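Q:
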Amino acid sequence: MAEGKHAQALTSFWKRLRCSRAKVEAVATDMGLAYIKAVRENLPGAALVLDHFHIIKLYNEKLANLRREIAREADILEKKVLKGTRWLLMKTSLHLVVEKDEHTRLQEALQLNQPLATAYYMKDDLRRIWQQEDKESAEFLLSDWIKRAMVSGIGM
1 MAEGKHAQAL
11 TSFWKRLRCS
21 RAKVEAVATD
31 MGLAYIKAVR
41 ENLPGAALVL
51 DHFHIIKLYN
61 EKLANLRREI
71 AREADILEKK
81 VLKGTRWLLM
91 KTSLHLVVEK
101 DEHTRLQEAL
111 QLNQPLATAY
121 YMKDDLRRIW
131 QQEDKESAEF
141 LLSDWIKRAM
151 VSGIGM
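To convert, note that position 92 of the sequence shown is 92 in our numbering; the numbers rise steadily by one, no gaps.
(1) Buried or exposed: which applies to A109, given that a residue is buried once 16 or more other Cβ atoms fall within 10 Å of its Cβ?
(2) Does DSSP put L50 in a helix, in a strand, or in coil?
(3) Please report the straight-line C-alpha distance between F140 and D134, rounded to a whole angstrom.
(4) For R67, count the other beta carbons within 10 Å of its own beta carbon; 16 or more makes it buried, fewer makes it exposed. Which is it?
(5) Would a C-beta distance cut-off of 8 Å place M122 and S152 closer than the cut-off?
(6) Around the Cβ of N113, are there at least 16 other Cβ atoms within 10 angstroms (buried) or fewer (exposed)?
(7) Between which two residues does the beta strand (DSSP E) carrying T29 extend?
(8) Does the beta-carbon distance from A119 to L63 come in below 8 Å?
(9) How do the stretch 73 to 89 and the stretch 25 to 39 stand: do at least 3 beta-carbon pairs fall below 8 Å, yes or no?
(10) Starting from N113 and walking both ways along the alpha helix (DSSP H), at which residues does that stretch end?
(11) What does a CB cutoff of less than 7 Å around R105 pick up in its chain, not counting 5 residues either side in sequence?
(12) Evaluate A22 with the Cβ neighbour count: other Cβ atoms within 10 Å of its Cβ, from every protein chain shown; 16 or more gives buried, anything less gives exposed.
(13) With 16 other CB atoms within 10 Å as the buried threshold, where does A47 fall?
Here it is in structure tokens:
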């Protein structure tokens with residue numbers, strides 16, 4: 001491919017692609033604005049597929065910020081419960097370690113604050129979208145997820 005994170009890094013690629021007369025239907029990319037803009041300009045008819053990893057990473061950052069805000073406003077006991085839960089919130093519920101009592105610790109933190117619990121469970125639901133076997137199921141789950149996110153009041 002090409003080195004760099006700016007639009008010029010792909011200039012020769014776009015030229016070769018135009019010369020090949022390839023019919024590109026979809027382009028998978030990370031969320032870099034330069035890449036998204038370049039794809040939109042050079043392949044306006046292609047579907048843009050954003051990388052699952054980067055979407056979840058961005059969601060996890062928002063979730064960590066929400067936890068931080070809640071901890072800032074928490075009393076001493078609540079702060080004690082929330083302390084050390086950042087990494088638990090990043091994990092999927094399936095990867096919590098029973099021997100370390102991670103599920104119990106996470107549940108205690110989630111019980112303190114409904115928006116935090118909603119945001120955590122919605123992250124698992126967001127991940128499930130990419131696990132669907134067909135486009136229609138994924139589209140249905142994504143549409144449902146967006147509706148629930150909008151009415152959740154979380155504002156992440």
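Quick reminder that beta carbons are idealized off the backbone N, C-alpha and C, glycines included. Please read these numbers as outputs of a predicted model, since none were measured by experiment.
A: Taking the geometry as given:
(1) As a position in the sequence shown, residue 109 is number 109, starting the count at 1. It counts as buried.
(2) Taking the first residue of the sequence shown as 1, we reach residue 50 at position 50. Three-state DSSP puts L50 in a strand.
(3) Against the sequence shown, residue 140 aligns to sequence position 140. Against the sequence shown, residue 134 aligns to sequence position 134. Their backbone Cα atoms lie some 10 Å apart in a straight line.
(4) One-based indexing of the sequence shown puts residue 67 at position 67. By the neighbour-count rule (16 or more Cβ atoms within 10 Å), R67 is buried.
(5) Numbered from its first residue, the sequence shown carries residue 122 at position 122. Numbered from its first residue, the sequence shown carries residue 152 at position 152. It is a contact, given that the beta carbons lie within the stated cut-off.
(6) Here residue 113 is taken as the residue at index 113 of the sequence shown, counted from 1. N113 is buried by the Cβ-count criterion.
(7) Within the sequence shown, numbered from 1, the residue matching residue 29 stands at position 29. First-last of the beta strand (DSSP E) with T29: A26 to T29.
(8) The count along the sequence shown starts at 1 and reaches residue 119 at position 119. The count along the sequence shown starts at 1 and reaches residue 63 at position 63. In this structure, L63 lies closer than 8 Å to A119 by Cβ.
(9) no
(10) As a working mapping, residue 113 is identified with position 113 in the sequence shown. No alpha helix (DSSP H) holds N113; DSSP gives it neither H nor E.
(11) As a working mapping, residue 105 is identified with position 105 in the sequence shown. Here the set comprises T85 and L88.
(12) Taking the first residue of the sequence shown as position 1, residue 22 is located at position 22. Exposed, since its Cβ has fewer than 16 Cβ neighbours within 10 Å.
(13) Position 47 of the sequence shown, counted from the start, is the residue given in the question as residue 47. Counting Cβ neighbours within 10 Å, A47 comes out exposed, since fewer than 16 surround it.
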